[in-house]
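Protein chains in written order, with our numbering: chain A, 1 to 294; chain B, 1 to 310.
A quick write-up on the structure given underneath.
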């Protein structure tokens with residue numbers, strides 16, 4: 001916002017001193033005044049207004065307080081912001097970024113913990129980006145505006161408490177590549193550490209930031225040297241990141257495995273939630289199972 | 001806009017007197033829509049369409065009151081009249097509906113997804129309203145106004161009310177135009193609508209206006225008044241126009257009785273406003289010629305089969 005004074009930002013409860021439900025916008029309203037607006041609880045309208053403003057060449061960022069609520073703006077994303085540029089034969093562009101916290105492990109229950117991004121992966125004309133704790137989220141946000149499409153910018157909520165870390169060096173000939181995004185990147189790094197220490201299985205963690213559309217070429221390049229592939233996602237099993245990776249990687253003929261959440265709503269009980277969602281244990285277990293296949 | 005891509009001054013009748021121009025534009029829209037329905041009935045055009053027969057006066061009255069260079073129009077599935085009154089691009093609209101390269105969106109959008117300069121339409125009820133608020137916000141600094149068209153059926157969509165609230169809260173320069181033709185596809189309003197539309201808008205703090213006429217000069221006077229008030233820093237406004245739909249919702253899907261339709265004919269804006277001009281026949285002939293030539297031009301354009309662009 002400091003670099004481009006056309007950018008506006010709005011969302012629910014984002015003004016100082018509160019600074020948003022997860023404090024991501026703390027300090028912004030004080031610093032940028034009228035360029036930061038608090039909004040009513042009207043997700044469809046605030047995304048659509050941002051898309052309309054963006055259509056006039058004015059980059060706009062909207063925060064959706066919980067990723068679970070993106071369903072409320074689905075029509076704006078699917079039938080308007082992403083569709084109009086194409087059906088209008090590219091007479092308009094929509095520099096719009098919809099930021100939203102997804103994910104569980106916080107005990108928030110079934111409607112405040114989901115990873116719903118897969119419902120939007122596959123929408124033509126949309127880019128879905130996901131931050132992780134090994135790359136600079138600010139740089140990714142800047143990149144989002146360089147894209148020529150609206151962006152769904154996914155921030156897994158437990159990452160808000162993390163500092164950006166360096167990804168451990170990968171082995172040259174990994175036994176298993178762990179393909180993952182969001183929170184699952186740090187889970188995979190922990191799983192890779194355990195697998196090397198306890199099982200002498202050497203893994204390469206392959207974090208993906210742009211989860212839709214997936215860059216097939218770079219994914220194939222990253223996985224070339226690995227013997228086996230394990231795809232890890234926090235969302236529920238089925239029609240998701242795992243399936244998309246399988247579609248693009250099937251021709252490599254490598255043994256593949258998949259880790260995802262159990263296909264039921266996220267339970268309130270902490271123990272039950274941990275069991276429903278992917279864990280480091282489950283990644284380790286599934287990685288070992290890949291050796292049984294071959 | 002590039003120099004080769006301007007409003008069609010000839011088809012807008014810009015050299016005519018105002019009364020002649022408004023009549024001429026209505027007549028042109030009428031010819032366009034009836035020709036289109038004929039083409040569909042002959043299976044000469046593929047897909048679907050929603051004509052604005054009976055609602056022509058609203059379109060021309062409002063576009064006449066706009067500054068077409070800077071103001072924005074958001075229209076819905078019933079958008080041909082709004083579009084033609086905005087820019088006069090007859091051949092480009094025919095070609096768009098026919099999926100041809102000359103089309104205003106190169107045949108990608110079709111009847112209800114059209115865009116040119118600051119005119120936009122989309123076919124999902126209510127979904128265009130937030131976009132209209134967005135363009136209103138973007139244009140406020142340059143003194144531009146956004147007009148967004150709703151139908152009575154659109155009033156069932158929740159996002160409309162989110163937007164009435166935000167338009168008033170943020171004082172956005174937007175005119176909501178409710179073209180209330182009393183029937184949503186085949187469902188009469190009284191089966192799906194409770195209360196009073198104008199009162200709904202007023203409850204959110206918008207200014208409001210009400211018209212129950214097909215008289216184009218009266219509609220234009222109201223449009224000019226509302227738009228200039230908004231442009232000069234007034235509150236956003238909600239204008240409820242009682243209108244008539246003289247054609248089917250889409251193609252041949254009208255379930256209304258002949259008696260009902262005969263009564264609605266009394267409100268036909270083209271016939272009703274004929275007395276405004278001295279030579280309606282001459283203008284009608286002129287419109288027929290434009291339509292014939294535009295259609296030929298559209299038909300001569302290659303079909304967009306997707307081989308040009310991704």
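Glycine residues also receive a C-beta, built at the ideal position from the N, C-alpha and C atoms.
Under the DSSP assignment, residue 151(B) falls in the beta strand (DSSP E) whose first and last residues are 146 to 151.
Within the model, the alpha-carbon separation for residue 175(B) versus residue 145(B) is close to 8 Å. Note on residue 258(A): 16 or more other CB atoms within 10 angstroms of its CB, so buried under the neighbour-count rule. Bounds of the beta strand (DSSP E) holding residue 256(A) are 256 to 261. As the crow flies, the alpha-carbon of residue 196(B) is around 37 Å from that of residue 112(A). The stretch 203 to 214 of chain A makes contact with the stretch 128 to 137 of chain A, as at least three CB pairs between them are under 8 Å. In the three-state reduction of the DSSP assignment, residue 265(A) falls in the coil class. Listed in chain order, the non-local C-beta contacts of residue 213(B) below 7 Å within the same chain comprise 219, local neighbours out to five positions each way being set aside. DSSP places residue 98(B) outside both helix and strand once states are collapsed to three, so it counts as coil. In chain order, 202, 203, 204 place their CB closer than 8 Å to the CB of residue 171(A), counting only its own chain and leaving out the 5 sequence neighbours on each side. Boundaries of the alpha helix (DSSP H) around residue 25(B): 18 to 41.
Within the stretch 130 to 145 of chain B, the residues whose Cβ lies closer than 9 Å to some Cβ of chain A are 130, 131, 132, 133, 134, 135, 136, 137, 138, 139, listed in chain order.
The alpha carbon of residue 117(A) has as its nearest neighbour, out of 289(A), 238(A), 55(A), the alpha carbon of 238(A).
Residue-level contact by beta carbon holds for residue 75(A) and chain B, with a gap shorter than 8 Å. Taking a cut-off of 8 Å on C-beta distances, the stretch 38 to 47 of chain B does not touch the stretch 232 to 244 of chain B, as fewer than three cross pairs fall below it. Residue 170(B) carries a coil assignment under DSSP once its states are collapsed to helix, strand and coil. Judged by their CB atoms, residue 31(A) and residue 61(A) are not nearer to each other than the 8 Å cut-off. With respect to the C-alpha of residue 85(B), the residue from 227(B), 12(B), 275(B) having the closest C-alpha is 12(B). For the stretch 43 to 59 of chain A, the residues whose beta carbon sits under 9 Å from a beta carbon of chain B are, in order, 43, 44, 45, 46, 47, 48, 49, 50, 51, 52, 53, 54, 55, 56, 57, 58. Setting aside the 5 residues that flank it on each side, residue 272(B) is surrounded in the same chain by 214, each with a C-beta closer than 6 Å to its C-beta; the list follows chain order. One finds 39, 40, 42, 45, 46, 49 in chain A with Cβ atoms closer than 9 Å to the Cβ of residue 166(B), taken in chain order. Judged by beta-carbon spacing, residue 67(A) lies within the 8 Å limit of residue 154(A), meaning their Cβ atoms are closer than that value. From the beta-carbon of residue 127(B), the residues of chain A found nearer than 9 Å are 44, 48, 75, 76, 79, 80. When only Cα atoms are considered, residue 94(A) and residue 1(A) end up about 17 Å apart. Assigned with DSSP and collapsed to three states, residue 181(A) falls in coil, not helix or strand.
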